[in-house]
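Peer 1: Taking the UniProt record's numbering, the leading residue of the sequence shown gets 1, the next gets one more, and so forth. Glycine included, each C-beta is placed from N, C-alpha and C at the ideal position. The structure follows.
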Amino acid sequence: MAPEWYPVYKVKYNISFPDPHMPAGRLHHAIFVQTKKDRSGTLYHVTGDITSRGGMTYESKKTRNPPQSQTFHSWELLGYTHSDIHPAQWNAVLASLPTPPQQKASNPRKQGQVEPFKEKLGDYQFIFYAPGEEQQPHLEVY
1 MAPEWYPVYK VKYNISFPDP HMPAGRLHHA IFVQTKKDRS GTLYHVTGDI TSRGGMTYES
61 KKTRNPPQSQ TFHSWELLGY THSDIHPAQW NAVLASLPTP PQQKASNPRK QGQVEPFKEK
121 LGDYQFIFYA PGEEQQPHLE VY
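See below:
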């Protein structure tokens, strides 16, 4: 098969379960490479949340045309990638990048309420922010 150029888009999706500690109206961002004439291709993004013990996880998956998704918000053409480097080099580079770690946990001193923590000491040991203490912004990928 002759080499091709694939369009690359930044895709934005509505978030199903908004984070109560973050401003409203946030969107999930992903990169989509269209590889087929029916506009299907590969979606690159992180999944999970910053409350899970392992934090968020990188994922690449085959998907249909993004505007067909019920949660689709918008997309923007970023450029093109060559079929000679997609998907192998894309996965190699993106899988090597750090993903957002766990940044919130259940606070037993507040009846298990989930909230941001200052420091993680162990799998289930955290130092939480004191009331009124300034908190660091979350390291989420949108």
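Skipping 5 residues on each side, what residues in its chain have a beta carbon closer than 7 Å to that of S83?
Peer 2: The answer, listed in chain order, is P3, E4 and Y6.
Peer 1: Rounded to the nearest angstrom, what separates Y142 and L43 at their Cα positions?
Peer 2: Any reading at Y142 is ruled out, since the residue's pLDDT is 42, under 50, leaving its predicted position unreliable.
Peer 1: Whose C-beta lies closer than 7 Å to the C-beta of Q111 among residues of the same chain, with five residues either side of it excluded?
Peer 2: For Q111, where only same-chain residues beyond five positions count, there are no Cβ hits under 7 Å.
Peer 1: Rounded to a whole number of angstroms, what is the C-alpha to C-alpha distance between A30 and I127?
Peer 2: For A30 and I127, the distance between alpha carbons rounds to 32 Å.
Peer 1: Between which two residues does the alpha helix (DSSP H) carrying G89 extend?
Peer 2: According to the sequence as given, residue 89 is Gln; it is not Gly. Residues A88 to S96.
Peer 1: Name, in chain order, the residues that DSSP records as bridge partners for K120.
Peer 2: Answer is F126, bridged to K120.
Peer 1: Would you mind sorting A24 into buried or exposed? The rule is 16 or more other CB atoms within 10 Å of its CB.
Peer 2: So A24 ends up on the exposed side.
Peer 1: Counting pairs of Cβ atoms below 8 Å between the region 97 to 108 and the region 62 to 72, do you hit three or more?
Peer 2: At 8 Å Cβ cutoff, the stretches do not touch.
Peer 1: Where does K36 fall in DSSP's three states?
Peer 2: Coil at K36, not helix or strand.
Peer 1: Expressed to the nearest angstrom, what Euclidean distance is found between the alpha-carbon atoms of G132 and W90?
Peer 2: Near 43 Å, if we compare the C-alpha coordinates of W90 and G132.
Peer 1: What does the Cβ neighbour count give for Q135, buried or exposed, with the cut at 16 atoms within 10 Å?
Peer 2: When all chains shown are included, Q135 counts as exposed.
Peer 1: Among P108, G41 and H73, which has the Cα closest to the Cα of K12?
Peer 2: Comparing Cα-Cα distances from K12 to each of P108, G41 and H73, the minimum goes to H73.
Peer 1: Tell whether a beta-carbon distance below 7 Å holds between G55 and Q102.
Peer 2: Yes, these two residues count as a Cβ contact at 7 Å.
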